Amino acid sequence: MDLLNKKFLLTPGPVPVPPRALLAMARPVIHHRLPEFSAILKRIREDLKYLFQTREEVLFFASSGTGAMEACVANLFSPGEEVIVVRGGKFGERWGELAEIYGLKPVYIDVPWGEAVEVETVAEVLKAHPEARGLLIQAHETSTGVKHPVEQIAPLTRERETLLVVDAISALGVYPLPFDELGIDAMVAGSQKSLALPPGLSFVALSARARKRAEETSGPRYYFDFRREFKALEKETTAFTPAVSLLYGLSEVLSRIREVGLERLFAHYRLLAGACRAGIKTLGLELFAKEPCEALTIVKVPEGVDGAKLMKLMREKYRVTMAGGQAKLKGKVVRIAHLGYQSELDVILALATLEMALSELGYQITLGAGVSAAQKYFLEAQR
Ligand SMILES: *Cc1c(COP(=O)(O)O)cnc(C)c1O
């Protein structure tokens, strides 16, 4: 450890992990075919249902979030079937790539980056494609900071054989997405986002009809086989060796989430995002997303500033890692995450760092203006 090099992680995955979870993960490894493991698994299964707001089972895998996305495509559809893919950013593109690799026929709804899909457009495309077996979408498209209107889209897929598959990797636990109430069929999450854990666990909640669909589809699958996992859970274990240490951390975080309650968790993210945006606007900077999500704040790199230099300066001089833009947004935006183990002062830290770095790169800015706006936001929110 270098005393002069304290680091800060403000990216939308991975995220800072609370010390209690880190300590829990340092516990000795146990064998996963013993009653001791079954006891932990039982608690985790219950707590996952609370987090996903469902009575259905939530499966998990030892993979990053993309693994659970792949599992959905492999299990819920057969080769040659048509699926509708909402493509408004890097992760929407990923749904499309997966669908193509598994031999499905994706019908794309292309949405300009930074905008949410229109509910009417989804309704029209569903109408034009009565055979579509699935609708694949992001709840929050992390590359653009946009929230898609999943709660309005869900009713459109209820009355037909189209499974609604939602990538909620950066949305679960950040804002309400009640799985049962909305009637979602599959919802994916990952450990290194709002669950405030290291990377390495993925999750998927499945409706009764999605579970049934997984029994009927014909495509190949092996590790990511829902049928196998359901069977193993009946015996209170997992199909393959689970990521035991990560599950210790998960158990710790999930029980904290239950203690705190979802409502307070959602309010916490609203507060952090609200303050960050107040700071950014006061600095005269522009937000990228039209329908921003509480998970992160995306700021346009101002005219005349080199985005790559800005990120590098913040990372190397102040050791604050925020995320830059992905794909066509590379060098054009800064993504400040609020996800994970964060507090009001992380927002202050992000704004202060951005102010210093912009100023150092010759951009005209009033040092402290953004910080001050965020401070005021926090103080007013307390009243
Ligand atoms: C992070 C993220 C992913 C990818 O997850 P990995 O864990 O990196 O595989 C997919 N979708 C969304 C919306 C994300 O935020």
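Numbering (our numbering), first residue to last: 1 to 383. Backbone N, C-alpha and C fix where the C-beta goes; we use that ideal spot for every residue, glycine too. On a predicted model such as this, the values are computed, not experimentally measured, just so you know.
For ligand 1, no non-hydrogen atom lies closer than 7 Å to the CB of Gly-284. Counting C-beta atoms within 10 angstroms of its own C-beta, Ala-323 has 16 or more neighbours from the protein chains shown and is therefore classed as buried. Here the stretch 30–38 makes contact with the stretch 238–253; the two share three or more CB pairs at distances below 8 Å. For Ile-40, same chain residues with a beta-carbon under 7 Å away, outside a window of 5 residues either side, are Leu-247 and Ser-251 in chain order. In this structure Ala-327 is exposed. Its beta-carbon is surrounded by fewer than 16 other beta-carbon atoms within 10 angstroms. When C-beta atoms of the stretch 167–178 are compared with those of the stretch 190–200, three or more pairs fall below 8 Å, so the two segments count as touching. Taking non-hydrogen atoms of ligand 1 into account, the C-beta of Arg-94 is found less than 7 Å away from one of them. The three-state reading of DSSP puts Phe-240 in coil, since its state is none of H, G, I, E or B. Between the beta-carbon of Leu-104 and that of Glu-81 there is about 5 Å, and that keeps the pair under the 8 Å contact cut. Val-204 is a Cβ neighbour of Val-58, given a cutoff of 8 Å. Closest in alpha carbon position to Ala-116, among Gly-145, Ala-132, Tyr-102 and Leu-197, is Gly-145.
Separation of Thr-353 and Leu-283 (C-alpha to C-alpha, rounded to the nearest whole angstrom) is 13 Å. Taking 8 Å as the cut-off, the beta carbon of Tyr-102 is found no closer than this to the beta carbon of Val-122.
The DSSP-derived three-state label of Met-322 is coil. In the displayed model, Thr-297 falls within a strand according to three-state DSSP. Judged by pairs of C-beta atoms under 8 Å, the stretch 272–286 does not touch the stretch 52–69, as fewer than three such pairs exist. Of the other Cβ atoms in all chains shown, fewer than 16 fall within 10 Å of the Cβ of Val-260; this residue is therefore exposed.
Selection Gln-138, Asn-75 and Leu-313 evaluated against Trp-95 yields Gln-138 as nearest (Cα-Cα).
Inter-segment contact for the stretch 124–143 and the stretch 305–317 is absent: fewer than three beta-carbon pairs are separated by less than 8 Å. Exposure of Pro-155 is indicated by the presence of fewer than 16 other C-beta atoms within 10 angstroms of its C-beta. C-alpha of Leu-367 to C-alpha of Met-356: approximately 7 Å in a straight line. The nearest non-hydrogen atom of ligand 1 is 7 Å or more from the C-beta of Phe-61. The DSSP-derived three-state label of Ser-372 is helix. With a threshold of 16 other beta carbon atoms within 10 Å, Leu-254 meets it and is buried. Looking from the CA of Gly-362, the closest CA among Glu-303, Phe-52 and Pro-79 belongs to Glu-303. The stretch 334–353 and the stretch 283–300 touch, with three or more beta-carbon pairs separated by less than 8 Å.
Lys-330 and Ser-143 have their C-alpha atoms some 10 Å from each other. The beta carbon of Phe-226 lies closer than 6 Å to those of Asn-75 and Ala-214 in the same chain, with the five residues before and after it left out. Ranked by how close their Cα comes to the Cα of Pro-12, the residues Tyr-341, Glu-234 and Arg-270 have Tyr-341 in first place.
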